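**Student:** Residue numbers (this note's numbering): 20 to 235.
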Amino acid sequence: MSDFPYRYDPAHTALIIVDVQNDFCSPQGSLATLADADVSAAVEMTPRLVRLIEHARAAKLPVVFIQTIHDETNDSPQWLNRHTGEPDGSARAGITCRTGSWGAEFYEVAPLPGEIVVNKYRYSAFAGTNLQIVLTTLGIRSLLFTGVATEVCVESSLRDGLFAEYYVSLVEDCAATYSQDAHDASVRGIAKNFGTVVTSDFLADLWVEESALATA
Numbered sequence: 020m021s022d023f024p025y026r027y028d029p030a031h032t033a034l035i036i037v038d039v040q041n042d043f044c045s046p047q048g049s050l051a052t053l054a055d056a057d058v059s060a061a062v063e064m065t066p067r068l069v070r071l072i073e074h075a076r077a078a079k080l081p082v083v084f085i086q087t088i089h090d091e092t093n094d095s096p097q098w099l100n101r102h103t104g105e106p107d108g109s110a111r112a113g114i115t116c117r118t119g120s121w122g123a124e125f126y127e128v129a130p131l132p133g134e135i136v137v138n139k140y141r142y143s144a145f146a147g148t149n150l151q152i153v154l155t156t157l158g159i160r161s162l163l164f165t166g167v168a169t170e171v172c173v174e175s176s177l178r179d180g181l182f183a184e185y186y187v188s189l190v191e192d193c194a195a196t197y198s199q200d201a202h203d204a205s206v207r208g209i210a211k212n213f214g215t216v217v218t219s220d221f222l223a224d225l226w227v228e229e230s231a232l233a234t235a
């Protein structure tokens with residue numbers, strides 16, 4: 020097998036679903052209702068992601084769900100005031116993905132029994148989590164990143180995946196953010212500096228072809 024499809028071989032590849040949660044994606048979530056974010060791209064992206072998850076499961080890829088959780092145990096003053104630098108701990112406190120809230124629940128996707136959910140507390144899915152231990156245990160070498168927001172949590176996670184010595188790829192049509200310009204800039208930066216950029220149709224067709232060859 021050539022190096023190009025090696026990155027997408029189900030034998031050592033995992034599909035990573037980043038932050039597809041009500042507060043980040045739903046028109047009733049906190050970003051849409053309290054921060055006036057345009058979540059239309061996330062809403063439009065989700066059916067494609069649902070189909071990709073189905074294809075990944077059929078191809079026996081591990082599907083790993085990343086779920087942001089915020090509460091008083093991880094809301095440090097530095098985190099809450101990352102935009103202002105003021106240490107009063109008030110900036111954006113209590114807005115998104117609070118522990119146990121509807122907003123923290125997954126939006127239009129859900130792990131099956133036995134599938135992995137990794138809770139995260141910062142932008143990167145690797146920061147302060149057990150994700151790398153999980154991937155090592157599964158024998159994973161390559162990561163396919165999807166979810167929201169493209170230029171924030173998805174890209175942060177993808178970069179850290181590369182720095183942890185994984186092959187990394189962005190599934191462009193299964194990632195979304197709140198500005199098309201921001202999405203496009205992130206896609207260009209990833210393609211230039213960090214990994215490959217693919218589509219869900221490309222992956223689905225490849226996995227179907229691999230499955231057919233394996234059963235021929």
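Backbone N, C-alpha and C define an ideal beta-carbon position, used for all residues, glycine too.
As the structure is a prediction and not an experimental result, all values here were calculated from the model.
1) Mind listing, in chain order, the continuous beta strand (DSSP E) runs of no fewer than 3 residues lying wholly within the segment 80-145?
2) Confirm, please, whether the CB-CB distance from Asp179 to Ser143 is below 8 Å.
3) May I have the straight-line CA-CA distance separating His102 from Asn149, to the nearest angstrom?
4) Does the beta-carbon distance from Val37 to Phe164 come in below 8 Å?
5) Less than 8 Å between the beta carbons of Ile152 and Val83, yes or no?
6) Is the beta carbon of Asn41 less than 8 Å from the beta carbon of Glu124?
7) Check whether the segment 47-64 and the segment 113-122 are in contact - that is, three or more C-beta pairs closer than 8 Å.
8) For the putative contact between His31 and Ser161, defined by C-beta atoms under 8 Å, what is the C-beta separation to the nearest angstrom?
9) Helix, strand or coil for Tyr25, going by three-state DSSP, please let me know.
10) Would you please state the rounded distance, in angstroms, between the beta carbons of Cys116 and Ile88? I believe it to be under 8 Å.
**Tutor:** Based on what the coordinates show:
1) 82-87, 135-139
2) Numbered from its first residue, the sequence shown carries residue 143 at position 124. Numbered from its first residue, the sequence shown carries residue 179 at position 160. Going by C-beta atoms, Ser143 is nearer than 8 Å to Asp179.
3) Here residue 102 is taken as the residue at index 83 of the sequence shown, counted from 1. Here residue 149 is taken as the residue at index 130 of the sequence shown, counted from 1. Cα to Cα, His102 sits roughly 27 Å from Asn149.
4) Position 18 of the sequence shown, counted from the start, is the residue given in the question as residue 37. Position 145 of the sequence shown, counted from the start, is the residue given in the question as residue 164. Yes.
5) On the sequence shown, residue 152 is found 133 positions in, with the first residue counted as 1. On the sequence shown, residue 83 is found 64 positions in, with the first residue counted as 1. One thing to note: Ile152 has its Cβ no nearer than 8 Å to the Cβ of Val83.
6) Taking the first residue of the sequence shown as 1, we reach residue 41 at position 22. Taking the first residue of the sequence shown as 1, we reach residue 124 at position 105. It is a contact, given that the beta carbons lie within the stated cut-off.
7) Yes, the segment 47-64 is in contact with the segment 113-122.
8) Taking the sequence shown and counting its residues from 1, the one referred to as residue 31 is at position 12. Taking the sequence shown and counting its residues from 1, the one referred to as residue 161 is at position 142. Under the criterion of beta carbons closer than 8 Å, His31 and Ser161 qualify as touching, at roughly 6 Å.
9) Mapped onto the sequence shown, residue 25 falls at position 6. Correct three-state label for Tyr25: helix.
10) Working through the sequence shown from its first residue, we reach residue 116 at position 97. Working through the sequence shown from its first residue, we reach residue 88 at position 69. Yes, Cys116 and Ile88 are in contact; Cβ-Cβ is about 6 Å, under 8 Å.
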